[in-house]
Structures are given as C-alpha cells and as structure tokens.
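Following: one structure in structure tokens, then a few remarks.
Number of protein chains: 2
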Amino acid sequence: MKISTKGRYALNIMVDIAKNAGQEKYISLTEIANRLKLSNKYLEQIISPLNKAGLVLSTRGNNGGYMLSRKPEEYKVGDILRATEGNLAPITCLSDGSAKNCPRKNQCTTLSFWQGLDKAIEEYVDSKSLQDLVNETKSTKKYVLK
Amino acid sequence: MKISTKGRYALNIMVDIAKNAGQEKYISLTEIANRLKLSNKYLEQIISPLNKAGLVLSTRGNNGGYMLSRKPEEYKVGDILRATEGNLAPITCLSDGSAKNCPRKNQCTTLSFWQGLDKAIEEYVDSKSLQDLVNETKSTKKYVLK
DNA sequence: ATAATTCCTACTGGTTTTGTATGAAATACA
DNA sequence: TGTATTTCATACAAAACCAGTAGGAATTAT
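The listed protein sequences correspond, in order, to chains S and G. Under this note's numbering, read the first sequence as residues 100 to 245, first letter to last. Under this note's numbering, read the second sequence as residues 100 to 245, first letter to last.
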C-alpha cells in the first residue's frame with residue numbers, strides 16, 4: 100500500500116513552486132530539481148500530468164518554466180496525488196469500475212469494507228491543501244539568531 | 100496505492116473460515132480454495148503469515164486444517180492486513196522507521212501529511228472487525244423463496 | 001502403509017517502478 | 001539570425017515487486 104515516487108515527488112515539486120514562484124513568475128525545472136536534489140529528467144515526467152491536468156502553467160523556451168495556476172490554498176493535496184498516481188483506490192475493481200458489474204458482487208463480503216477505506220483515504224487527502232504543506236516549513240529562526 | 104492480492108485473499112480466507120468453521124473445527128485449505136475459486140498452493144503462502152501471527156490455528160495431517168483462534172468480533176481487519184501486507188504505511192520512511200533519523204527531517208514539508216494519512220488508514224482498518232465482514236453476507240432469501 | 005494435510009523453499013513469467021537517453025519544438029535574447 | 005535555454009514527447013532499460021507454480025518434506029488419522 101505504498102505511494103510511488105511520482106506522487107511523493109509531485110508534492111515536493113508543488114511545494115517548491117508554491118514557495119519559490121507561486122503565481123508570480125515561471126521557474127525552471129532545473130532550478131526545482133537542484134533544490135530538491137532529484138533528477139531533472141525524471142521530474143519532467145512527473146510534472147507532465149500536473150501540467151496536463153491544469154495544476155501548473157508552463158512556458159517553453161529561454162526563461163521558461165512552470166508556475167502555479169491557483170493559490171496554494173485552492174489545491175487539495177488529493178488533486179495532486181490523483182493527477183500523478185492515477186487513482187488512490189486501494190483495490191482495482193474500485194478504480195476501474197469493474198466492481199459495479201462484478202458477477203460475484205452479491206457474494207462479496209469485503210466490497211463495502213474497501214469502499215469505506217477508499218472513502219477514508221479520499222476524505223483525508225482532500226482535507227489538506229497545498230498551503231497546509233507550505234505551512235509545514237520549519238522555522239530557521241534559531242540558526243539566524245545564533 | 101493498491102492492496103496486493105495477499106491482503107485481499109487473506110480477508111477472504113478469514114471470512115470463509117469464520118463462516119464455515121469458526122473456532123469449532125479445522126477445515127482444510129483445499130476446501131477453502133475450492134469455495135473461493137483460488138489456487139490452493141497460493142493460499143498456502145497467504146495463510147502462512149496468518150498462522151505465524153497466531154490469527155489462525157492449524158493441525159497437520161489427515162483431517163487437518165485451520166480454524167480461528169478468536170471470535171470473529173475480536174479480530175480487527177487491520178490485524179489481518181498487517182500480518183499479510185506487512186505494513187500499511189503509505190511511504191517507506193514511515194514503515195521502516197527511517198523518517199525518525201532522516202537528515203532532511205526538518206526540511207521535509209510533507210512528513211506530517213503522510214503521517215496523517217497513515218493514521219487515517221490505520222484508524223479505519225482497525226475500526227472494522229472480521230465479524231463486520233461476515234455480516235456483509237447478502238441474504239439469499241429471494242432465491243430460496245422462489 | 002496410505003492418503004491427506006500443513007509446512008518450507010525455490011523458481012518463474014509478467015508487470016510496475018524508477019529512472020536514463022535522445023531529440024524535437026518553442027522562446028528569449030544577443 | 002543564430003544560439004542557448006527551456007518544455008515536450010517518446011523510447012529504452014535495469015531493478016524490484018507481484019502473482020502464482022512446483023516439488024517435496026513433515027505430520028497425522030485411519
């Protein structure tokens with residue numbers, strides 16, 4: 100029951116953009132990758148679905164890059180994860196819809212349990228916003244003061 | 100974010116035992132596999148950790164098999180899933196404990212989000228019992244009456 | 001003895017994950 | 001206009017993981 104690096108890195112990317120560009124300007128993936136210490140090329144593949152889903156805006160060419168399309172508080176974390184992970188449903192028959200016309204539907208004693216788990220997950224990830232993550236940034240005050 | 104067949108089949112096995120043997124007698128895996136229409140050999144591998152974790156009791160030899168070690172209402176579904184899936188934590192650094200001494204711990208803006216997701220999942224799976232699943236069995240009355 | 005059963009471990013084909021690699025298309029700027 | 005920079009698209013590949021199959025040893029009732 101693991102989230103892949105795509106989902107994890109996608110959150111990191113979005114937090115990085117929120118903190119370093121927001122909706123003010125475009126920043127390049129190279130810049131983001133350097134800060135996150137992750138492969139530029141791999142991040143390209145991860146930001147692509149975010150771009151297609153309209154979660155970020157992009158421009159090509161020199162001085163191009165990405166920026167947020169909304170305010171950080173207007174992104175549910177669930178939006179970001181679903182765009183990159185595909186679907187958070189814990190079992191396939193829920194995510195591909197096959198549960199609805201499953202021949203064993205009436206004999207299945209676990210379906211509603213899984214539906215409940217799916218709901219618990221969706222409700223949690225949709226209860227948090229990108230701004231909530233940005234707010235997690237630890238204060239560096241003690242180092243500054245010293 | 101998918102549960103593997105191990106976790107899914109483990110629940111099916113436990114429900115089957117609860118419905119057909121409970122703590123009264125031992126039933127063989129062959130019998131269970133036939134009812135579930137799953138591979139006997141594969142189920143052997145799945146029931147093994149359940150046995151080692153003490154969630155079922157077993158006897159070998161002729162007329163051997165498995166039975167529950169407790170009443171169905173005394174199993175949290177989470178117990179069964181954790182025994183077979185290993186761990187339900189959505190990211191590795193939570194399940195292997197590496198988050199605690201992670202060098203980037205203070206810069207990590209997503210850790211508490213993932214901890215919260217983990218908690219939401221654990222709380223849900225621990226709020227349901229094996230008996231809850233058994234109770235999901237649909238009535239076959241309409242067929243009987245017909 | 002024999003048949004039935006759990007228990008143990010190795011193997012395997014397929015899929016998914018986690019990237020790398022190559023290059024085309026677009027853009028700013030000198 | 002040419003060059004550097006950037007996104008965008010697609011192919012490739014190693015490693016890990018998943019979902020089972022296979023063979024046989026140990027145990028037990030009859």
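Note that beta-carbon positions come from the ideal geometry of N, C-alpha and C, so glycine has one too.
Query: Counted within 10 angstroms of its Cβ, other Cβ atoms place D115(G) as buried (16 or more) or exposed; Result: buried
Query: Where Y165(S) falls, given that 16 or more other Cβ within 10 Å makes a residue buried; Result: buried
Query: Neighbour-count burial assignment, T129(S), 16 or more Cβ in a 10 Å radius; Result: exposed
Query: Test item: CB-CB of A132(G) and L167(G) under 8 Å; Result: no
Query: Q214(S) versus Y223(S) - alpha carbon distance; Result: 14 Å
Query: Euclidean distance between Cα positions of T252(G) and K227(G); Result: The shown model of chain G, from 100 to 245, leaves out residue 252(G), and the question about it has no answer.
Query: Contacting positions in the stretch 209 to 223 of chain G - beta carbon closer than 7 Å to chain S; Result: T209, S211, F212, G215, L216, A219, I220, Y223
Query: Contact list for T191(S) against chain G, beta-carbon separation under 8 Å; Result: K101
Query: N-terminal and C-terminal residue of the beta strand (DSSP E) that L110(G) is part of; Result: Counting along the chain, L110(G) falls outside any beta strand (DSSP E), though it belongs to the alpha helix (DSSP H) covering 104 to 119.
Query: Straight-line gap, G177(S) to I126(G) (C-alpha atoms, nearest Å); Result: 44 Å
Query: The ligand MN heavy atom lying under 7 Å from the CB of G196(S); Result: No copy of the ligand MN appears in this structure; indeed no ligand is present at all.
Query: Rounded Cβ spacing between K175(S) and D225(S) (contact assumed at less than 8 Å); Result: 5 Å
Query: Neighbour flag for L84(S) against chain G, beta carbons, 8 Å; Result: Absent from the structure is residue 84(S), since the part of chain S shown begins at 100 and ends at 245.
Query: Proximal chain G residues relative to R181(S), where beta-carbon distance stays under 8 Å; Result: Those within 8 Å of R181(S) in chain G number zero; the least Cβ separation is about 10 Å.
Query: Unbroken stretches of the alpha helix (DSSP H), 4 residues or longer, contained in the stretch 146 to 227 of chain G; Result: 176 to 184, 191 to 194, 210 to 226
Query: Cβ neighbours of T183(S) in the same chain (closer than 7 Å, five flanking residues each side left out); Result: K105, G106, A109, I145, P148, L149
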